[in-house]
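There are 2 protein chains.
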Amino acid sequence: MGRWEPDARERLVRAALDLFGEQGYENTAVAQIAERAGLTKSTFFRHFRDKREVLFGGQDVLAELMTSAIAEAPADALPFDVVEAALVATAVTFTDERRAHGPQRLEVIASNDELRERAALKMVGFAVAMTDALKRRGLPELEAAVAAELGVLAFDRAYERWLPTGGDFAEVARRTLGDVRAAVAGLESAE
Amino acid sequence: MGRWEPDARERLVRAALDLFGEQGYENTAVAQIAERAGLTKSTFFRHFRDKREVLFGGQDVLAELMTSAIAEAPADALPFDVVEAALVATAVTFTDERRAHGPQRLEVIASNDELRERAALKMVGFAVAMTDALKRRGLPELEAAVAAELGVLAFDRAYERWLPTGGDFAEVARRTLGDVRAAVAGLESAE
DNA sequence: GAAGTGATGGGACTTGGTCTCATCAACCGT
DNA sequence: ACGGTTGATGAGACCAAGTCCCATCACTTC
């Protein structure tokens with residue numbers, strides 16, 4: 265594996281994050297990101313499908329962790345507990361290093377339509393992955409979809425809770441999913 | 265309001281749908297769509313923010329219908345009933361003419377990543393709109409979000425149910441939301 | 001040391017999208 | 001009827017995203 269400087273991909277991510285913060289996403293050209301990373305436009309697109317993707321690395325790993333956890337959950341576990349296992353399984357990826365550039369990343373995403381769009385697609389991807397995994401356990405299709413959708417909602421909120429404080433993501437995820445469950449119960453019972 | 269031929273916007277939509285069907289979305293250039301509609305690229309982008317948007321007209325109207333219905337629902341209505349009112353309120357837009365090019369539209373969207381992305385964003389838009397409207401009624405934030413998310417799920421499925429058969433969308437929406445409610449209840453009670 | 005492999009550089013090319021200016025049809029008031 | 005205004009369109013320059021192809025270089029292996 266011939267290389268000049270190592271970690272081209274990570275260097276691109278850092279350069280992108282910095283430049284987006286300095287000048288905004290739209291005012292930053294891909295060529296400029298590559299240049300700051302000591303690379304070229306060609307190499308950038310060899311590492312990322314498009315300009316947006318540089319902010320969404322590793323989402324496929326998350327989906328994989330979720331589906332594995334769902335597949336391996338005890339056969340008699342209740343749907344919500346299976347979903348909880350899926351969220352907890354992603355905790356290994358929520359490292360301190362990831363937390364470091366988290367807020368900056370969220371800010372950039374919030375500032376731009378294209379990026380919000382990509383974020384939405386990633387969430388849908390999680391929902392689809394979890395739905396399929398739940399169906400494979402024999403859960404009826406609609407129940408699987410509902411459970412997955414609520415799981416993604418909880419995951420999203422858990423991330424936002426975890427970012428400022430840090431700590432154990434698994435714990436935050438469990439608590440957040442518990443809140444969602446309570447909210448569901450609240451909807452069912454008349455007020 | 266000076267014009268040469270009327271209905272430029274609709275002509276663009278028709279031309280786009282036809283060309284996408286014939287050659288695929290990616291193999292169709294905006295200039296080509298405009299040409300078939302007897303217009304130019306400039307005019308296309310005056311009517312649509314980007315190439316994708318030509319397939320997603322009127323989504324803002326839907327969001328508006330939903331939020332209005334939620335705001336005007338009886339003060340003592342239960343959350344799920346408010347959401348039901350929101351879905352039912354959109355029925356006026358589901359005309360036979362819209363049903364005509366529905367399948368073609370769905371097929372094109374399914375064929376392309378960019379378009380699935382845009383579709384996902386539109387759904388998120390609905391969810392946000394409904395969440396806000398529900399919060400304005402005094403519903404706790406998380407309950408509002410959960411109710412909205414489930415409403416969007418039902419809306420999505422109702423549309424796919426309605427497309428092949430046609431008929432009264434309001435009826436389909438009510439039935440679909442009922443199914444979602446039942447699924448939620450199924451998740452809560454042990455199996 | 002020669003051949004092979006994998007990542008990179010470089011540049012041509014297409015197309016989406018923006019911007020600016022000119023044009024033309026309809027409308028309006030006198 | 002006539003000139004001015006308005007609003008939609010045409011035309012073309014321009015930039016950046018993304019694709020493609022081929023040359024190049026570092027590192028490995030035999």
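For the record, the sequence lines run as chains A and B.
Numbering of the first sequence is given in this note's numbering, commencing with residue 265 and proceeding in unit increments.
Numbering of the second sequence is given in this note's numbering, commencing with residue 265 and proceeding in unit increments.
C-beta: ideal position from N, C-alpha, C; glycine also.
DSSP, read as helix, strand or coil, puts Y289/A in coil.
Around the Cβ of A449/B, a 10 Å sphere holds fewer than 16 other Cβ atoms; the residue is exposed. A residue is called buried when at least 16 other Cβ atoms come within 10 angstroms of its Cβ; G415/B meets this threshold and is buried. Setting aside the 5 residues that flank it on each side, T395/B is surrounded in the same chain by A408, A409, A412, each with a C-beta closer than 6 angstroms to its C-beta; the list follows chain order. Fully enclosed beta strand (DSSP E) runs of no fewer than 3 residues are not present anywhere in the segment 303 to 374 of chain B. Here the C-alpha atom of V346/A lies approximately 9 angstroms from the C-alpha atom of A335/A. At a cut-off of 8 angstroms between C-beta atoms, V325/A does not count as an interface residue with respect to chain B. D271/A sits in coil when the DSSP states are folded into three classes, being neither helix nor strand.
Assignment of R445/A by DSSP, reduced to helix, strand and coil, places it in the helix class.
Residues of the segment 332 to 343 of chain A that bring their beta carbon within less than 7 angstroms of a beta carbon in chain B comprise L342, P343, in sequence order. Identification of residues in the segment 363 to 382 of chain A having a C-beta nearer than 7 angstroms to some C-beta of chain B yields R380, E381, R382, given in sequence order. Against chain A, the beta carbon of G450/B has neighbours under 7 angstroms at E407, listed in chain order. Taking each of V356/B, V444/B, L398/B in turn and checking the Cα distance to G322/B, the smallest one comes out for V356/B. The C-beta of V318/B comes no closer than 8 angstroms to any C-beta of chain A.
Using a CB distance below 9 angstroms, the part of the segment 341 to 360 of chain A facing chain B consists of L342, P343, F344, ordered along the chain. For the options V436/A, L417/A, A364/A, the alpha carbon positioned closest to that of W426/A is the one of V436/A.
No Cβ-Cβ contact shorter than 8 angstroms links A293/B with F308/B. Taking each of L398/B, L385/B, F320/B, A327/B in turn and checking the Cα distance to L370/B, the smallest one comes out for F320/B. Residues of the segment 288 to 311 of chain B with a C-beta atom less than 9 angstroms from some C-beta of chain A do not occur.
Boundaries of the alpha helix (DSSP H) harbouring D420/B: 405 to 429, taken from the DSSP string. For the segment 416 to 445 of chain A, residues whose beta-carbon sits nearer than 7 angstroms to a beta-carbon of chain B comprise L417, D443, V444.
Counting only Cβ-Cβ distances below 8 angstroms, A384/A has contacts in chain B at E381, A384, L385, M387, V388, in chain order. Only residues of its own chain outside the window of five on either side were considered, and among them L319, L379, R380, A383 have a CB closer than 7 angstroms to the CB of I373/A, listed in chain order.
For R380/B, the enclosing alpha helix (DSSP H) covers residues 377 to 400. Residue-level contact by beta carbon fails for A393/B and chain A, as no gap is shorter than 8 angstroms.
Per DSSP, reduced to three states, the secondary structure at A301/B is coil, with no helix or strand assignment.
Residue A341/B holds the alpha-carbon nearest to the alpha-carbon of S453/A among R300/B, E290/B, D282/B, A341/B. L441/B and A418/B have their alpha carbons spaced roughly 5 angstroms apart. Nearest CB-CB separation between A397/A and chain B: not below the 8 angstroms threshold. Here L406/B is not near D420/A, since their CB atoms are 8 angstroms or more apart.
Straight-line measurement puts the Cα of E286/A at about 16 angstroms from the Cα of A295/A.
Chain A places a beta carbon closer than 8 angstroms to that of V410/B, counting this residue as a contact.
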